[in-house]
Amino acid sequence: DVDQVVVDRNSVNGMASRSTVAKGSVDGNGTSWTVDFNPVLLFPNLIKHVQYTLVADGFPVHALRNVSGNRVIVETNAPVTA
């Protein structure tokens, strides 16, 4: 569920710096969560910065596994409800 998109630093004078910013969330049971930003980001395969929060029972080991094709994948070492 992508709920916010901002065109950031869009400048007419020189047009040197343009980017989009988006926030997404996903929930469910499992070991892998994917957020697809393709429908909202202006530039393909250019995610430069990711910040994520995992809220789950217990303390699962979690990691950002992949950021490519405008998709962000977070995985845990054991199934959790998040």
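Residue numbers for the sequence shown follow this note's numbering, beginning at -16 and rising by one.
In this text, a Cβ means the ideal position worked out from N, Cα and C, and glycines have one as well.
Keep in mind that this is a model prediction, so the values were computed, not measured.
Identify which residue in the options has its Cα closest to the Cα of residue i.
i     : options                    : result
Val50 : Pro43, Val44, Glu58        : Glu58
Pro43 : Gln34, Asn28, Ala65, Ser8  : Ala65
Gln34 : Pro22, Arg48, Pro27        : Arg48
Asp40 : Arg54, Gly13, Ser8         : Gly13
Phe20 : Leu37, Thr36, Val38, Gly52 : Gly52
Asn28 : Lys6, Asn60, Val55         : Val55
His32 : Pro22, Asn60, Lys6, Val23  : Lys6
Name the one or two DSSP bridge partners that residue i has.
i     : result
Thr17 : Ile56
Thr64 : Asn12
Straight-line CA distance for residue i to residue j?
i     : j     : result
Val4  : Leu25 : 9 Å
Ile30 : Gly11 : 24 Å
Leu37 : Trp16 : 10 Å
Ala46 : Ser8  : 16 Å
Where do the N-terminal and C-terminal ends of the beta strand (DSSP E) with residue i fall, by residue?
i     : result
Val4  : 2 to 7
Ala46 : 45 to 51
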